[in-house]
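Report on the structure given below.
2 protein chains.
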Amino acid sequence: MQKSVLRPSVPSETAPLSAHDRVYRGLRQQIMHGELPPGHALTLRGIGKSFGVSMTPARESVRRLSAEGALTLSASGRVTTPELSNERIEELASIRALLEPELGSRALRRAHLALIDRMEVINDANARAVNRRDPVEYIRTNLEFHRTLYLRAQSPAMLGLLETVWLQLGPTMRALYTRLQRTTAPPHHRMILEALRAGDDAALRLALRTDVTQGLRHLQA
Amino acid sequence: MQKSVLRPSVPSETAPLSAHDRVYRGLRQQIMHGELPPGHALTLRGIGKSFGVSMTPARESVRRLSAEGALTLSASGRVTTPELSNERIEELASIRALLEPELGSRALRRAHLALIDRMEVINDANARAVNRRDPVEYIRTNLEFHRTLYLRAQSPAMLGLLETVWLQLGPTMRALYTRLQRTTAPPHHRMILEALRAGDDAALRLALRTDVTQGLRHLQA
DNA sequence: ATAGCTGAATTGTGATCACAAATCCCATGC
DNA sequence: GCATGGGATTTGTGATCACAATTCAGCTAT
Chain A
0 MQKSVLRPSV
10 PSETAPLSAH
20 DRVYRGLRQQ
30 IMHGELPPGH
40 ALTLRGIGKS
50 FGVSMTPARE
60 SVRRLSAEGA
70 LTLSASGRVT
80 TPELSNERIE
90 ELASIRALLE
100 PELGSRALRR
110 AHLALIDRME
120 VINDANARAV
130 NRRDPVEYIR
140 TNLEFHRTLY
150 LRAQSPAMLG
160 LLETVWLQLG
170 PTMRALYTRL
180 QRTTAPPHHR
190 MILEALRAGD
200 DAALRLALRT
210 DVTQGLRHLQ
220 A
Chain B
0 MQKSVLRPSV
10 PSETAPLSAH
20 DRVYRGLRQQ
30 IMHGELPPGH
40 ALTLRGIGKS
50 FGVSMTPARE
60 SVRRLSAEGA
70 LTLSASGRVT
80 TPELSNERIE
90 ELASIRALLE
100 PELGSRALRR
110 AHLALIDRME
120 VINDANARAV
130 NRRDPVEYIR
140 TNLEFHRTLY
150 LRAQSPAMLG
160 LLETVWLQLG
170 PTMRALYTRL
180 QRTTAPPHHR
190 MILEALRAGD
200 DAALRLALRT
210 DVTQGLRHLQ
220 A
């Protein structure tokens with residue numbers, strides 16, 4: 000209807016996001032951070048309305064997200080967040096257990112002190128989210144802790160694949176969190192940080208692997 | 000791989016494919032099998048015309064495929080097949096080297112003789128494609144050889160991730176093939192089959208890993 | 001010859017519409 | 001009480017359109 004907003008004025012120039020991109024990013028974040036429970040239904044018109052666009056960008060975003068496994072399309076085209084079977088959860092966990100130690104190991108060679116400091120800050124925020132019993136913030140900081148490390152691996156394809164896995168687990172992680180009311184921060188984060196400081200590859204791989212599998216082991220429905 | 004439409008009727012019943020699905024599958028196959036060279040440009044209207052649909056389903060397919068890394072969107076929205084850097088190729092190869100031994104190992108426990116026979120048949124077709132110097136058929140049978148094995152692993156998420164990697168490599172594999180005119184079938188396929196017959200997990204992992212890295216090592220531009 | 005410029009054609013984007021299928025709701029009947 | 005049937009509503013699909021941005025061809029000026 001009205002798309003006349005070309006404002007090159009502001010110096011803090013953010014790239015002119017297309018409508019599709021805004022919707023995609025918004026939905027993706029909601030899903031990955033566990034803001035939507037498993038099985039939550041969405042409609043194209045509803046998505047469009049909530050982002051202030053027509054259904055065309057909404058449809059494209061949904062296609063894209065369902066290609067990444069972040070959304071499920073029923074045979075009739077209905078859109079929901081995925082409800083994962085136990086087998087699927089275990090499989091996704093073992094993929095994480097395969098990829099994350101590899102990414103961590105690659106990052107280790109390039110890690111510096113500033114990186115570890117940054118991870119500590121994020122880990123503190125994570126601990127605070129646990130105390131506040133804030134599931135979304137907990138998931139967000141937890142993933143950011145890992146992503147900050149893996150970004151250092153300079154392996155964008157592998158990180159992209161991993162984020163796909165995180166996406167698929169988003170709604171389930173939320174369900175997990177509310178099921179077992181977590182009271183302590185992830186215990187292995189400290190081990191990860193120590194292995195990084197020590198430059199110990201084997202210890203880092205082990206710490207990452209157990210951090211990943213530990214968290215998802217309790218998911219048995 | 001995606002919608003499992005339960006059709007209890009005729010076994011040869013093809014599900015009523017939506018226009019979007021037909022376009023998606025068609026394009027995906029062209030890309031994965033190396034029918035398009037790297038950097039090949041596509042247009043939404045052109046895709047629509049060649050599949051007999053409007054640009055709407057074409058656009059959705061392109062979005063989906065670019066989410067999977069099978070297509071690249073320029074900043075202005077132009078669509079091309081990806082031209083991978085050497086670093087990217089190496090990274091994708093190492094992902095294959097990580098995932099494929101794992102899938103093979105999982106399949107090994109469930110493998111039976113009929114499976115190995117089927118793989119031999121595919122491998123023969125692969126050798127014939129080499130003799131005929133048919134790049135598309137070579138790539139197709141090569142991937143089918145691997146997929147036939149991995150299907151047995153009963154790990155759909157992991158296989159899905161791997162197919163994403165294959166997709167990204169499709170156009171590049173075609174360029175590779177035409178660059179070094181292959182004259183012999185992949186030598187490690189025999190080792191894979193023997194390890195399967197022997198039930199030797201370590202040998203299978205090694206054979207798969209070398210088959211994967213060997214094939215892509217020559218890709219240095 | 002080559003670099004630069006201008007107008008035409010091409011191309012992606014997002015909105016809207018018609019339509020059919022799926023879903024929901026509620027009254028009816030057992 | 002519970003299943004059932006039918007009509008209204010919701011919902012996804014695909015086509016089409018207007019529009020802006022990009023791209024390209026051909027011409028001019030140096």
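Chain order of the listed sequences is A and B.
Mind the numbering: the first sequence is residues 0 to 220 in numbering that gives the first Met the number 0, read in order.
Mind the numbering: the second sequence is residues 0 to 220 in numbering that gives the first Met the number 0, read in order.
All C-beta atoms, glycine included, are put in the ideal place defined by N, C-alpha and C.
These numbers come from a predicted model, not from an experiment.
Endpoints, alpha helix (DSSP H) assigned at residue i
| i | result |
| --- | --- |
| B:R58 | 54-66 |
| A:D123 | 112-131 |
| A:H145 | 134-150 |
| A:Q153 | No alpha helix (DSSP H) holds A:Q153; DSSP gives it neither H nor E. |
| B:T183 | Neither: B:T183 is in no alpha helix (DSSP H) and is coded neither H nor E. |
| A:A69 | Careful: A:A69 lies outside any alpha helix (DSSP H) and carries neither H nor E. |
| A:H19 | 18-31 |
| B:G47 | 43-50 |
| A:P100 | 85-109 |
| A:R208 | 200-216 |
Rounded separation between residue i and residue j - CA only
| i | j | result |
| --- | --- | --- |
| A:D199 | A:L148 | 15 Å |
| A:P170 | B:E119 | 42 Å |
| A:R21 | A:Q167 | 20 Å |
| B:G33 | B:E143 | 14 Å |
| A:H187 | A:D210 | 5 Å |
| B:D133 | B:I30 | 16 Å |
| A:R117 | B:R24 | 44 Å |
| A:M190 | A:I138 | 19 Å |
| A:P100 | A:H145 | 11 Å |
| B:L175 | B:N130 | 17 Å |
| A:R208 | B:R178 | 40 Å |
| A:G47 | B:M54 | 20 Å |
| B:R108 | A:A156 | 30 Å |
| B:A69 | B:S49 | 19 Å |
| A:Q28 | B:Q28 | 30 Å |
| B:L224 | A:L43 | Because chain B spans 0 through 220 in this model, residue 224 of chain B falls outside it and cannot be assessed. |
Distance CB(residue i)-CB(residue j) smaller than 8 Å
| i | j | result |
| --- | --- | --- |
| A:T71 | A:P56 | no |
| A:R196 | A:I115 | yes |
| B:R104 | B:L203 | Before going further, note that residue 104 of chain B is Ser rather than Arg in the sequence given. Cβ distance < 8 Å, so B:S104 and B:L203 count as in contact. |
| B:A184 | B:A194 | no |
| A:A106 | A:T212 | no |
| B:I88 | B:V164 | no |
| B:H19 | B:T79 | no |
| A:E136 | A:A128 | yes |
| B:A66 | A:A113 | no |
Integer-rounded CB distance, given that residue j should sit under 8 Å from residue i
| i | j | result |
| --- | --- | --- |
| B:R62 | A:E59 | 5 Å |
| B:L83 | B:L26 | Actually they do not touch by this definition, with Cβ atoms about 18 Å apart. |
| A:L192 | A:L158 | Their Cβ separation, rounded to whole angstroms, is 20 Å, which puts A:L192 and A:L158 out of contact at 8 Å. |
| A:L97 | A:L160 | Not a contact, Cβ separation roughly 10 Å. |
Buried versus exposed call for residue i [16 or more other C-beta atoms within 10 Å across all chains shown]
| i | result |
| --- | --- |
| A:L215 | buried |
| B:T182 | exposed |
| A:S154 | buried |
| B:M0 | Confidence is the limiting factor: at B:M0 the pLDDT is only 33, short of 50, which leaves the residue's position unreliable, though a coordinate-based value still follows. Classification for B:M0: exposed. |
| B:G45 | exposed |
| A:S73 | exposed |
| A:D123 | exposed |
| B:T140 | buried |
| A:H111 | exposed |
| B:E90 | buried |
| B:L16 | exposed |
| A:P36 | exposed |
| B:G51 | exposed |
| B:G76 | exposed |
| B:A201 | exposed |
| B:E86 | exposed |
| B:R151 | buried |
| A:R173 | buried |
| A:P7 | For A:P7, the pLDDT reaches just 34, beneath the cut-off of 50, and the residue's location in the model is therefore unreliable, leaving the point undetermined. |
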